[in-house]
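In the working numbering, the protein residues as written are 560 to 797. A virtual CB, placed ideally from N, CA and C, is assigned to each residue, including glycine. Here the structure is a predicted model, which means the values were calculated and not measured. Reading through the structure tokens given below for one structure.
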């Protein structure tokens with residue numbers, strides 16, 4: 560077949576879209592390789608226990624990730640894992656508050672393991688990178704690096720799953736486990752449904768942690784891609 564002449568049946572396909580996806584796959588593969596190399600040289604390591612019976616922050620995230628990406632932080636049912644900590648790759652002075660604050664963005668990384676089987680632990684399939692924010696007054700000392708103060712929705716909301724050749728972005732959402740048992744309503748013409756709630760009987764429940772995979776074309780994913788690029792550039796310059 561003449562390589563310079565496209566078959567007529569190609570006209571019913573979106574070749575531009577296919578080409579964009581091919582370029583993106585190649586770019587993600589190169590970026591994943593760069594991240595993998597960077598993660599070999601953290602600024603500090605920290606130990607953390609991951610297990611199904613543990614209620615610590617990273618154990619809960621590990622369980623939530625397994626529901627979406629079928630990966631977790633431990634190769635077995637319970638394990639002490641190494642948390643890789645990195646110095647901030649971005650520092651921004653925020654003047655929107657009464658007192659100027661320095662907002663830092665840093666990366667917390669852990670190995671990601673696939674599901675295991677009976678008598679066999681899961682194999683490493685990539686890494687999870689979490690973007691952690693911290694804020695301090697300009698004259699405050701820089702706090703120590705740690706993952707023990709991670710608080711979903713407060714200082715960490717987004718992360719990245721970096722595989723051998725693919726990258727997926729996700730959002731971490733913490734939802735209330737409280738259950739409304741009953742409520743007292745009254746007529747209220749100002750409300751859309753004509754009623755307002757005066758009182759509720761609520762049974763406290765355990766908060767749930769949910770991981771939402773982000774579409775690669777979403778604004779959040781595009782911004783996270785830029786954040787990952789900043790991290791790569793900052794480490795490459797060292």
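Kindly indicate which residue of 587, 600, 584, 569 has the alpha-carbon position closest to the one of residue 793. The residue among 587, 600, 584, 569 with its C-alpha nearest the C-alpha of residue 793 is 600.
For residue 591, report the span of its alpha helix (DSSP H) as first-last. Membership of residue 591 in the alpha helix (DSSP H) is indicated by the continuous run 574-597.
Using CA atoms only, rank isn't needed, just tell me which of 707, 603, 672, 697 is closest to residue 723. Of 707, 603, 672, 697, the residue nearest in Cα terms is 672.
Can you tell me which of 791, 785, 771, 796 puts its alpha carbon nearest to the alpha carbon of residue 623? When each option's Cα is compared against that of residue 623, the closest is 771.
Inter-stretch contact (C-beta, 8 Å, three-pair minimum) for the segment 628-642 and the segment 696-703: Too few Cβ pairs lie closer than 8 Å, so no.
For residue 610, which residues in the same chain have their Cβ closer than 8 Å to its Cβ, ignoring the five residues on either side in sequence? The beta carbon of residue 610 is closer than 8 Å to those of 618, 633, 636, 637, 638 in its chain, skipping five residues each way along the sequence.
In angstroms with no decimal places, state the Cα-to-Cα distance between residue 791 and residue 710. Distance between the alpha carbons of residue 791 and residue 710: 24 Å.
Taking C-alpha atoms, which residue in 766, 769, 726, 733 lies nearest to residue 788? That would be 726, whose Cα lies nearest to the Cα of residue 788.
Pull up the CB-CB distance for residue 692 and residue 668, whole angstroms please, since I reckon it's below 8 Å. Cβ atoms of residue 692 and residue 668 stay farther apart than 8 Å, at about 16 Å.
Option nearest residue 666 by Cα separation, candidates 778, 580, 784, 644: Out of 778, 580, 784, 644, 644 has the C-alpha closest to the C-alpha of residue 666.
Leaving out five residues before and five after residue 712 in sequence, what residues of the same chain have Cβ atoms less than 6 Å from its Cβ? Excluding sequence positions up to five before and after residue 712, its CB lies within less than 6 Å of the CB of 733, all in the same chain and listed in chain order.
Which residue wins for smallest C-alpha separation from residue 662, given the options 684, 715, 630, 686? The shortest C-alpha to C-alpha distance from residue 662 to any of 684, 715, 630, 686 is the one to 715.
Can you tell me whether DSSP reads residue 560 as helix, strand or coil? With a pLDDT of 44 at residue 560, under the threshold of 50, the modelled position of this residue cannot be trusted; read the value that follows with caution. Residue 560: coil per DSSP, three-state reduction.
Would a C-beta distance cut-off of 8 Å place residue 766 and residue 704 closer than the cut-off? The criterion of a C-beta distance shorter than 8 Å is not satisfied by residue 766 and residue 704.
Buried or exposed: residue 752, going by 16 or more other Cβ atoms within 10 Å of its Cβ? So residue 752 counts as exposed.
I think residue 721 touches residue 685, with their Cβ atoms under 8 Å apart; what is that distance to the nearest whole Å? Their Cβ separation, rounded to whole angstroms, is 5 Å, which keeps residue 721 and residue 685 in contact under 8 Å.
Specify, as a first and last residue, the run of the alpha helix (DSSP H) that residue 789 falls within. Going by DSSP, residue 789 is part of the alpha helix (DSSP H) stretching over 778-795.
Just the C-alpha distance for residue 682 and residue 717, rounded to the nearest angstrom, thanks. Rounded to whole angstroms, residue 682 to residue 717 spans 24 Å at the Cα level.
Which value, in whole angstroms, describes the spacing of the CA atoms of residue 748 and residue 754? Spanning the two alpha carbons is a distance of roughly 7 Å.
State the CB to CB distance for the pair residue 664 and residue 786, rounded to an integer number of angstroms; the pair is presumed to be in contact (CB under 8 Å). Yes, they are in contact, since the Cβ atoms of residue 664 and residue 786 sit about 7 Å apart, within 8 Å.
Whole-angstrom distance between residue 571 and residue 621, CA atom to CA atom: Their Cα atoms are separated by approximately 43 Å.
Taking the C-alpha atoms as reference points, what is the distance between residue 577 and residue 584? As the crow flies, the alpha-carbon of residue 577 is around 11 Å from that of residue 584.
Around the C-beta of residue 582, are 16 or more other C-beta atoms found within 10 angstroms, so that it is buried, or is it exposed? Result: exposed.
Give me the Cβ distance between residue 653 and residue 659, rounded to the nearest whole Å; I'm assuming they're in contact under 8 Å. With a contact defined as Cβ atoms closer than 8 Å, residue 653 and residue 659 qualify at about 7 Å.
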